[in-house]
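A.B. asks: Below is a structure I'd like to ask you about.
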Amino acid sequence: MVKAIVGACWGDEGKGKITDVLAEDSDIVVRFQGGSNAGHTIINEYGKFALHQLPSGVFRQNITNIIGNGVALSVENFLKEVQSVVERGVPTPKLLVSDRCQVVMPYHKELDGMEEARLAAKSFGSTKSGIAPFYSDKYAKIGFQVSDLFDDKDSIMERIDHVLGLKNVLYTELYHQKPLDREEIYEKLMEYKEALAPYVADTTTLLHNAVKEDKTVLLEGQLGSMKDPDLGIFPLTTSSHTLAGFGCVGAAVPPTAVEDVICVTKAYSSSVGSNTEPFVSEVLGEAGDELRRRGGDKGEFGATTGRPRRVGWFDTVATKYGCMVQGATQVALTCLDVLGYLDEIPVCTGYEIDGTVTDRFPTTPELMRARPVFTTLPGWKCDIRGCTDYQALPQQAKAYVDFLESRIGYPITLVSTGPKRNEITVRQK
Ligand code: GDP
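So this is what it looks like as structure tokens:
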């Protein structure tokens, strides 16, 4: 069976941790979208890791880890990451790269940086990993698939000339840079070919066979519902689909095989990226600083960039919508332990838009005008970090979880009480 582990909100919900936990009973873990522009933090017996591209199953020897065709593969970062986990004592993971995956080119990263600089104050807060130019090229049919690297030189050169005909107009006319050199691009592609050769496989057939053989496959999403280019907060979105539905395409499994969609959400909100993005339940000032400082495993700072994340109270409007568009079958709630310092915990339960209160998540122009409506719940005022027995949690903590579940309308089945692998409870009501 196929299970998708995806973000209900803005990303950074703790998907890496939940994938690492659930990988124990799985055969294959697949990354199906995004690139090295976000990080999944995992803390286990080998230490603390921020995985950017590697699937979160790399710590377990029984698992085949796949970079699916939907991923924006940065070859340099992929190799660096493999080396860095192995150097820290993790046995060499079983890793495969789809032959249909496309590679992020150096000019994608440069274009990303040049465009953000051009946009200046109106920039998207990109990590400058080349993700938007990469996906634009994929859909404009001028990207390089891993399988292309193994084509003959003449065909590759022809493709390069076609690509550079377009890119060099941007380089010279819009960004006033030197044009790209066709030989240099070819050399880079050959470097990628050599580096990837040991990993390349027809993962499409492999995964369809695995499903037929009833293997357990985890699809690991990056970011969350709010960042989906169709159903998220456009245009403050990412450039690939963050939804479980896309997992079938980006990993290559039959849609009917996805039986379980585990939506991960934090017990409060956080968002990294542009400061212009509407973030209705945001907490600013000292209260925000304190939540940011106490959040996650060492404060709410981006795993890839170290940027401070914006923080907010739990938003039932956004999370309910986020779970709906993911098609959640269950919800994993992380970071409940973080809220133990609060006397009272505000929860955003409605949006006031033009004088009317709603619990429907709107499109961006309306979202820009939304003001939060809060319901305040009592805190539990004690440290629950590391608790592994749901029943042993303080009554107010369980009431908080019950309240969130009643508002989002999807069953919360796992409640995480700390960043480490074993700091988790299975919720029994
Ligand atoms: P991901 O991209 O969805 O995997 O999330 P990130 O790794 O970017 O951010 C989640 C942060 O929360 C990381 O710092 C995790 O170590 C941390 N984390 C995950 N679960 C818990 C939890 O239950 N409690 C605490 N305190 N931190 C957690």
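Mind the numbering: the sequence shown is residues 149 to 577 in my numbering, read in order.
C-beta atoms are modelled at their ideal positions from N, C-alpha and C, and glycine is treated no differently.
Note that the structure is a prediction, hence the values are computed from the model and not measured.
1) Can you check whether the CB of Gly-566 is closer than 8 Å to the CB of Val-412?
2) Nearer than 7 Å: is that true of the beta carbon of Cys-483 relative to any heavy atom of the ligand GDP?
3) Taking the CB atoms as reference points, tell me whether Val-397 and Ala-152 lie closer together than 8 Å.
4) Starting from Thr-351, trace the beta strand (DSSP E) both ways and give me its first and last residue.
5) Is Val-178 near the ligand GDP, with its Cβ less than 7 Å from a heavy atom?
6) Cutting at 7 Å between CB atoms, please list the residues of its own chain near Ile-126, excluding the five before and the five after it.
7) Looking at the structure shown, is Pro-510 part of a helix, part of a strand, or coil, going by DSSP?
8) Under DSSP, the alpha helix (DSSP H) around Ile-308 begins and ends at which residues?
9) I believe Leu-354 touches Val-401 by the beta-carbon criterion, under 8 Å. Please report the beta-carbon distance rounded to the nearest angstrom.
10) Only counting runs of 3 or more residues, tell me where the beta strand (DSSP E) segments fall wholly within the segment 517-547, in order along the chain.
11) Please report the Cβ distance between Ile-279 and Gly-421, rounded to the nearest whole angstrom; I am assuming they are in contact, meaning their Cβ atoms lie under 8 Å.
12) Tell me, which residues are paired with Glu-368 by DSSP?
13) Identify, in the order they occur along the chain, each residue of the same chain with its Cβ nearer than 7 Å to the Cβ of Asp-463, setting aside the five sequence neighbours on each side.
14) Since Ala-186 and Val-177 are thought to touch, with beta carbons under 8 Å apart, how far apart are those beta carbons, to the nearest angstrom?
15) Quick one: what does DSSP say Leu-391 is sitting in, helix, strand or coil?
16) Would you call the segment 369-388 and the segment 338-354 touching, i.e. three or more CB-CB distances under 8 Å?
17) Among the candidates Gly-195, Ala-392 and Val-473, whose CA atom is the shortest distance from the CA of Phe-180?
18) Can you tell me where the alpha helix (DSSP H) holding Leu-344 begins and where it ends?
19) Given this structure, state the Cα-to-Cα distance separating Asp-502 from Ala-518, to the nearest angstrom.
20) According to DSSP, Arg-458 sits in a beta bridge with which residue or residues?
21) Measure the alpha-carbon distance for Ser-271 versus Pro-426 and round it to whole angstroms.
22) Between the segment 244-253 and the segment 220-234, are three or more C-beta pairs nearer than 8 Å?
23) Can Lys-414 and Cys-483 be called in contact, C-beta distance under 8 Å?
24) Evaluate contact between the segment 470-486 and the segment 552-567, counting only Cβ atoms and requiring at least three cross-stretch pairs below 8 Å.
25) Please report the distance separating the alpha-carbon of Gln-325 from that of Arg-440.
26) Below 6 Å CB to CB, which residues in the same chain sit around Ala-476 once its five sequence neighbours on both sides are set aside?
27) Between His-310 and the ligand GDP, is there a pair consisting of the residue's CB and a ligand heavy atom that are separated by less than 7 Å?
28) So Leu-481 packs on Val-549, CB below 8 Å; how close in whole Å?
29) Determine the DSSP secondary structure at Glu-500, reduced to helix, strand or coil.
30) State the beta-bridge partners of Ser-295 as determined by DSSP.
31) Please determine if the segment 298-305 and the segment 251-264 are in contact, where contact requires at least 3 C-beta pairs separated by less than 8 Å.
32) Would you call Asn-570 buried or exposed, if buried means 16 or more other Cβ atoms sit within 10 Å of its Cβ?
C.D. replies: On the basis of the supplied data:
1) no
2) yes
3) no
4) Where Thr-351 is concerned, there is no enclosing beta strand (DSSP E), although the alpha helix (DSSP H) it sits in stretches over 351-360.
5) no
6) This structure cannot speak to residue 126, because the chain is shown only from 149 to 577.
7) coil
8) 301-317
9) Leu-354 to Val-401, Cβ: 10 Å. No contact.
10) 519-526
11) Contact flag wrong, Cβ pair sits at about 12 Å.
12) Ile-153 and Arg-179
13) Ser-417, Val-428, Ser-429 and Cys-496
14) Between Val-177 and Ala-186 the Cβ distance is about 16 Å, and since that is not below 8 Å, they are no contact.
15) coil
16) no
17) Ala-392
18) 330-344
19) 8 Å
20) Ser-419
21) 15 Å
22) yes
23) yes
24) yes
25) 40 Å
26) Val-409, Cys-411 and Tyr-558
27) no
28) 6 Å
29) strand
30) Answer is none; Ser-295 lacks a bridge partner.
31) no
32) exposed
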